[in-house]
Amino acid sequence: MTIDVLYGNDDWSVFLISAIFLGFPSLLTVIVTHRERIYTKLTQQQAFLMTVLCWVIIPIAAAVPFYFSGLNISLIDSVFESVSGISTTGATIITGLDFTAPGILIWRSILQWLGGVGVLIMALTILPFLKIGGMELFKMEALENEKAIPQATQLAVNIVYIYIALTFICYQSYVYVGLEPFDAINHAMTTIATGGYSTKDASIGHFAGYGPSFVAVIFMIMGGLPFIYYLKIVRGNLSIIFKDSQVKWFLAIIGICIGLSFLHAWLNVGYHALDALKYSSLSVVSLITGTGYANVNYMTWGPFFAVFSFFFMMIGGCAGSTTCGIKVFRFQILTSITLSQLRSALIPHGVFTPRYLGKKISHPVAVSVMSFFFLYASSFLVLAVLLSWTGLDFITSMSGAATAISNVGPGLGPIIGPAGNFAPLPDLSKVIMCVGMILGRLELFTVLVLLSPTFWKK
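Using numbering that gives the first Met the number 0, the letters of the sequence shown correspond one by one to residues 0 to 457.
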């Protein structure tokens, strides 16, 4: 509202009305429940339900300003934009961003920024407790006792401080390379959140020079690293982030993918070497981290990059980062289990134990990770089939399902590719993608467990 007032835009009243409309029931809830015990230990059933409800109710509430603004979009489009923002997906239905009201632009960025920090807190305090997809590996022993909630709260506060500091540094970097302050703060919020919303239709490609793209690459990578390590770095452990095998894998995957893409863009597409590095590095890092920024229409690069990008958009970053996707640590665990099985096949009488970070991978964790891979593939196929059922072509259906469940943003093809937009999709397709975005953001199990009758009998 303040931004619209400062820029003289009439949409300021929309935010005021929305604040009053949503603030009254929120304040009423606080007043009614303020005497309840705050530090009551949640049951597993309550934690599942609370997590899912938060990620469903908040996007619906956040859609109100979109619906009543001067955008003149439908309710489904408003919810789609909001879900995409909160889930840090970055898929947008808004065209003409260059001329969109500043209040709406900053609102989109705020949603992604809040969604990013929400993901961090959920990954560090909720998902390990719920034992989702192997996340129990990252459960902190200090959070397992009766004082779990106070300690989890302190951890969350410290992570928020780190998050704010990185956002400020990113903002200053964007200003340094030539972005106007308004564009810089918007892109800083959506870069650290690995969300990808931009203030321009051409995304990062709107800004001339190499600086904006390379700043985006650096801070997207930083958003894909475990934020708990930033906290440890601040406390004096400067080398911990480079000792973690998950980080090494993440950086190695990015390096290999950028290298292959650079050679393709340079030798086959015909870009100048520095331009090829600019385009390939941002495209690869944006897709792997699920940010969704673009500075070139890589769909014109031929079938190699289209197929290549389709697979690495599902990788994601490290556990405890703002990224989504499968996550690097799950690939490490699956690789360790596979190698153990291969050695057992070669030496039947040998004993080979799969390990992660030097520790034995327990049977429950192994089962949890393999189940996640199966459920991820199954959910992707179901979403793709449902999207094709709504009338979308093969490329749009497949990439739409992948970008939704991996929370990436742009898909492939002329409709939802890096030069396209999600506005032309049928309303039913947008609803299906909203479900996919929430599924992907909540690591699948968190949502699907609610469909079990056994869950409600507990």
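Virtual Cβ for every residue (Gly too), placed ideally from N, Cα, C.
Length of the line joining the Cα atoms of residue i and residue j
i      : j      : result
Ser83  : Ala100 : 19 Å
Ala383 : Ala400 : 5 Å
Gly419 : Ala201 : 10 Å
Met298 : Ser12  : 41 Å
Leu338 : Glu442 : 26 Å
Cys169 : Glu179 : 13 Å
Val368 : Met0   : 44 Å
Ser172 : Asn236 : 25 Å
Ser17  : Trp265 : 50 Å
Asp9   : Asp243 : 50 Å
Ile255 : Val306 : 16 Å
Arg354 : Thr334 : 10 Å
Ser108 : Thr166 : 12 Å
Gly258 : Lys247 : 16 Å
Tyr160 : Leu154 : 10 Å
Leu59  : Ala376 : In the sequence on display, residue 59 carries Ile and not Leu. Cα-Cα distance, rounded: 28 Å.
Ile336 : Thr352 : 8 Å
Ser279 : His271 : 12 Å
Glu145 : Ile131 : With a pLDDT of 40 at Glu145, under the threshold of 50, the modelled position of this residue cannot be trusted; read the value that follows with caution. Between Glu145 and Ile131, the C-alpha separation is close to 21 Å.
Val31  : Pro24  : 10 Å
Phe393 : Asp76  : 23 Å
Leu391 : Thr42  : 42 Å
Gly102 : Asp3   : 5 Å
Three-state secondary structure (DSSP) of residue i
i      : result
Ala147 : In this prediction, Ala147 scores a pLDDT of 46, lower than 50, which makes its location untrustworthy; no coordinate-derived value is stated.
Arg354 : strand
Lys429 : helix
Lys242 : helix
Lys359 : strand
Ser343 : helix
Pro423 : coil
Ile281 : At residue 281 the sequence reads Leu, which differs from the Ile that was named. Here Leu281 sits in helix by DSSP.
Thr1   : helix
Arg329 : helix
Ser17  : helix
Ala46  : helix
C-beta contact flag for residue i and residue j at 8 Å
i      : j      : result
Thr458 : Ala192 : The question about residue 458 has no answer, for the chain in this structure spans 0 to 457.
Ile437 : Trp54  : yes
Thr198 : Gln111 : no
Gly412 : Ser428 : no
Asn406 : Gly289 : yes
Val116 : Tyr162 : yes
Asn267 : Gly222 : no
Ala293 : Ile332 : no
Phe379 : Ile404 : yes
Ala46  : Leu129 : yes
Ile203 : Leu281 : yes
Leu385 : Ile431 : yes
Val176 : Val216 : no
Ile474 : Ala61  : Only positions 0 to 457 of the chain appear in this structure, which leaves residue 474 out of reach.
Ile415 : Thr395 : yes
Gly408 : Gly291 : yes
Presumed contact (8 Å Cβ cut-off) between residue i and residue j, rounded CB distance
i      : j      : result
Leu286 : Phe311 : 6 Å
Short CB-CB distance (under 8 Å) between residue i and chain C
i      : result
Val214 : Included in the structure is just one protein chain, with no chain C present.
Subject >> Stretch pair the segment 124-135 + the segment 72-81: three plus CB contacts closer than 8 Å >> reply: With a cut-off of 8 Å, the segment 72-81 and the segment 124-135 do not count as touching, because too few Cβ pairs lie within range.
Original post:
Should the segment 308-322 be regarded as contacting the segment 334-348, the criterion being three or more beta carbon pairs within less than 8 Å?
Top reply: With a cut-off of 8 Å, the segment 334-348 and the segment 308-322 do not count as touching, because too few Cβ pairs lie within range.
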